[in-house]
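Input: a single structure, listed below in structure tokens.
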Amino acid sequence: RKEVEQDPGPFNVPEGATVAFNCTYSNSASQSFFWYRQDCRKEPKLLMSVYSSGNEDGRFTAQLNRASQYISLLIRDSKLSDSATYLCVVNGGTSYGKLTFGQGTILTVHP
Amino acid sequence: GAVVSQHPSWVICKSGTSVKIECRSLDFQATTMFWYRQFPKQSLMLMATSNEGSKATYEQGVEKDKFLINHASLTLSTLTVTSAHPEDSSFYICSAMGTDFAKGFTETQYFGPGTRLLVL
Chain A
927 RKEVEQDPGP FNVPEGATVA FNCTYSNSAS QSFFWYRQDC RKEPKLLMSV
977 YSSGNEDGRF TAQLNRASQY ISLLIRDSKL SDSATYLCVV NGGTSYGKLT
1027 FGQGTILTVH P
Chain B
6 GAVVSQHPSW VICKSGTSVK IECRSLDFQA TTMFWYRQFP KQSLMLMATS
56 NEGSKATYEQ GVEKDKFLIN HASLTLSTLT VTSAHPEDSS FYICSAMGTD
106 FAKGFTETQY FGPGTRLLVL
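This is the structure in structure tokens:
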């Protein structure tokens, strides 16, 4: 079983749509959780951290369920510029700072 | 936010040559840097963790004698791919993590722009 699993997609949605991505992780000792976005042939960029209480940043909402070891990202009112690969990332908790990346979910927003 | 640079941004070299990639944290001190590799259509895979002034910690399956890491200062880590072969062609990305509380950096990793290596 992969340490971090995501539905690879691709998700093709029209502008203005709401889209949700899911992610599960296997290490129950994981302590920090993040969503990164990666544009084609570019480095990952931090989108948002994910907190136990859930958190929102504009059109983006992240949720964490520690009991189910499940993380989600909701994007509302999709923009063309949201097209990217979204990476679910988990700090393993055993090695300082070591991040484990999911394989990414591809999102394409079309006019 | 924090700025991390990598140099060079791309390299094309002949099989058997060594390639050195630099990773710099430009506006904060990074006690820990990480080196990742990403093959096409795959996710980032951690190669090694680099701590300033000490030996790097390599992930399972990564040859330490082939991928030499040096973290000589709090702002610079280097990865040298020795005797590169075509199968080493990949996108190499570093990240830097610091604890500059004044700027609000606490265990957040910031990634460099990556280095594309093509070994012919």
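Line by line, the protein sequences are chains A and B. If you're matching positions, the first sequence starts at 927 in the numbering used here and goes up one per residue. If you're matching positions, the second sequence starts at 6 in the numbering used here and goes up one per residue. Each residue gets a CB set at the ideal place from its N, CA and C atoms; glycine is no exception.
Distance between T1011 (chain A) and I1032 (chain A) (C-alpha atoms, nearest Å): 4 angstroms
Helix, strand or coil at S95 (chain B) according to DSSP, with G and I counted as helix: strand
Test: L84 (chain B) CB closer than 9 angstroms to a CB of chain A: no
Member of B:L125, B:E92, B:Q114 whose CA lies at the smallest distance from the CA of P45 (chain B): B:E92
Supposed contact pair A943 (chain A) and L999 (chain A) - C-beta distance, whole angstroms, cut 8 angstroms: About 14 angstroms; that fails the 8 angstroms criterion.
Inter-stretch contact (C-beta, 8 angstroms, three-pair minimum) for the stretch 11 to 25 of chain B and the stretch 114 to 121 of chain B: yes
8 angstroms Cβ cut-off: residues of chain A touching S48 (chain B): L1013, F1027, G1028, Q1029, G1030
The stretch 19 to 29 of chain B contacting the stretch 961 to 978 of chain A, beta-carbon criterion three pairs below 8 angstroms: no
Three-state secondary structure (DSSP) of L1000 (chain A): strand
K1024 (chain A): contacting residues in chain B (beta-carbon distance under 7 angstroms): L51, T54
Sequence-distant residues of the same chain with beta carbon closer than 6 angstroms to N938 (chain A), five excluded per side: T1034
One or two residues paired with E27 (chain B) in a DSSP bridge: B:H12, B:T83
Cross-chain neighbours of P1037 (chain A) in chain B, by beta carbon under 8 angstroms: Those do not exist, as P1037 (chain A) stays about 26 angstroms from chain B at its closest Cβ, beyond 8 angstroms.
Members of the stretch 8 to 41 of chain B near chain A, C-beta cut-off 9 angstroms: V9, Q11, T37, F39, Y41
Residue nearest to Y97 (chain B) in terms of C-alpha spacing, selected from B:G117, B:L79, B:K71, B:E64: B:G117
Contact list for P970 (chain A) against chain B, beta-carbon separation under 8 angstroms: L49, I98, F116
For Q32 (chain B), three-class secondary structure by DSSP: Here the sequence assigns Asp to residue 32 (chain B), which means Gln is not the residue at that position. Three-state DSSP puts D32 (chain B) in coil, outside helix and strand.
Helix, strand or coil at D1008 (chain A) according to DSSP, with G and I counted as helix: helix
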